[in-house]
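Heads up: the sequence lines are chains S and Z, in that order. Throughout, our numbering is defined as the position within the first sequence, counted from one, plus 1. Throughout, our numbering is defined as the position within the second sequence, counted from one, plus 1. First up is the structure itself, then whatever we jot down about it.
2 protein chains.
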Amino acid sequence: MIVIENISKYLLENGIKPSVQRLKIFEYLSNTIEHPTVETIFNALSEEIPTLSKTTVYNTLRLFQSKGIVNVINIEDNETRYDADTSFHGHFKCTECGKVYDFKVDISKIKFMELENFKIMESHYYLKGICKYCLNNNNL
Amino acid sequence: MIVIENISKYLLENGIKPSVQRLKIFEYLSNTIEHPTVETIFNALSEEIPTLSKTTVYNTLRLFQSKGIVNVINIEDNETRYDADTSFHGHFKCTECGKVYDFKVDISKIKFMELENFKIMESHYYLKGICKYCLNNNNL
DNA sequence: GTATCTGCAAAACATTTGCAATTCT
DNA sequence: AGAATTGCAAATGTTTTGCAGATAC
């Protein structure tokens with residue numbers, strides 16, 4: 002979930018021509034807290050854009066990724082999720098309800114002793130467990 | 002890379018009957034620093050066990066995972082890697098040479114403000130970038 | 001009118017499943 | 001013999017690719 006006032010302008014600033022499909026896909030991604038999969042994005046938009054194809058969703062997300070305006074989330078090996086918030090933060094996946102939550106990570110506290118002279122370009126921190134709502138509801 | 006003196010005993014202690022395939026797969030996984038994929042494990046062992054099938058590698062790794070003696074590494078969405086070192090540590094993937102390096106992470110320094118009352122069961126920290134050897138060799 | 005973008009269909013992969021053959025005790 | 005394990009072949013699911021038609025400038 003991030004707030005972008007003018008998505009068309011934002012895409013152009015990042016070297017992307019704003020087609021209807023690209024606008025809608027980015028809009029959906031920036032307005033959700035769900036870290037959706039291709040499937041979820043496709044299902045959510047196909048009513049609004051009945052001709053939309055999954056190929057376009059795949060192509061568009063790959064384009065967004067190459068331009069650095071979306072991040073790929075690989076918590077689970079069988080589902081690739083996407084996030085329009087490219088600032089560094091952690092992701093917690095609840096194994097009960099499947100929801101993915103964001104959380105802040107103070108990266109300055111982390112030391113990388115073995116990685117001296119390595120060029121770090123991407124950073125991902127993933128947790129798995131059970132969220133407090135599932136813990137309450139199911140008395141797990 | 003971890004040192005297990007008696008792999009057969011180690012498997013039994015974790016509720017796994019030590020067949021030849023299971024022993025060899027775990028031995029390979031515990032002796033390497035490469036965080037191999039199913040493909041890599043299969044190729045490395047098929048000379049020694051000519052009848053080995055990928056299905057067995059898949060089944061065995063799933064079994065090891067369910068018993069908690071291997072961890073799955075999902076840095077990249079198109080390659081699932083495996084690690085017999087289940088202690089918490091970070092993984093750095095070099096996007097040039099493809100190698101995955103381990104590094105220590107002092108998890109006590111990380112605070113999870115938004116995750117109060119969440120039950121954390123797994124923790125993964127992944128970095129991507131360019132390792133010092135590729136930086137030196139290619140003057141990137 | 002030419003470039004680009006979209007989306008269908010097919011291809012390419014990775015992983016799982018059903019089941020028969022094999023192995024182990 | 002009986003139970004568990006292995007491995008082939010087929011099925012499933014996800015992502016990519018080739019290409020023709022549609023759209024935009």
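By construction, the Cβ of each residue, glycine as well, lies at the ideal position given by its N, Cα and C atoms.
Within the region 3-38 of chain S, the runs of alpha helix (DSSP H) that reach at least 4 residues and sit entirely inside it are, in chain order, 8-14 and 21-32. Beta-bridge annotation (DSSP): I74/S is paired with R82/S.
Pairing V39/S with Y83/S gives a Cβ-Cβ distance under 9 Å. Short of 7 Å from the beta carbon of Y29/Z, and not among the five residues preceding or following it, lie these beta carbons of its own chain, in chain order: I42, A45 and L46.
Rounded to whole angstroms, the separation of the alpha carbons of Y102/Z and C95/Z is 8 Å.
F65/S carries a helical assignment under DSSP once its states are collapsed to helix, strand and coil. Within the region 66-88 of chain S, the residues whose Cβ lies closer than 8 Å to any Cβ of chain Z are, in chain order, V73, N75, I76, E77, D78 and T81.
Neighbourhood of Y126/S in chain Z, by CB distance below 7 Å: Y126, in chain order. At least one beta carbon of chain Z lies nearer than 9 Å to the beta carbon of E123/S.
For the 9 Å CB-CB criterion, I70/Z and Y126/S do not form a contact. Taking the beta carbon of L136/Z as reference, the chain S residues within 9 Å of it are N118, F119 and K120, listed in sequence order. For I121/S, the CB contacts under 8 Å within the same chain, skipping 5 residues up- and downstream, are F113 in chain order.
In the DSSP assignment, C95/S falls within the unbroken beta strand (DSSP E) covering G91 to C95. In this structure T81/S touches D78/Z by the C-beta definition: roughly 5 Å separates them, less than 8 Å.
With a 10 Å radius around the Cβ and a threshold of 16 neighbouring Cβ atoms, T61/Z comes out buried.
Contacts with chain S at 9 Å (Cβ-Cβ) do not include T41/Z. A residue is called buried once 16 or more other Cβ atoms fall within 10 Å of its Cβ, and C135/Z is buried on that count. For K133/Z, the uninterrupted alpha helix (DSSP H) segment begins and ends at K133 to N139.
Neighbours of Y102/Z across chain S, judged by C-beta separation under 9 Å: E115, L116 and F119.
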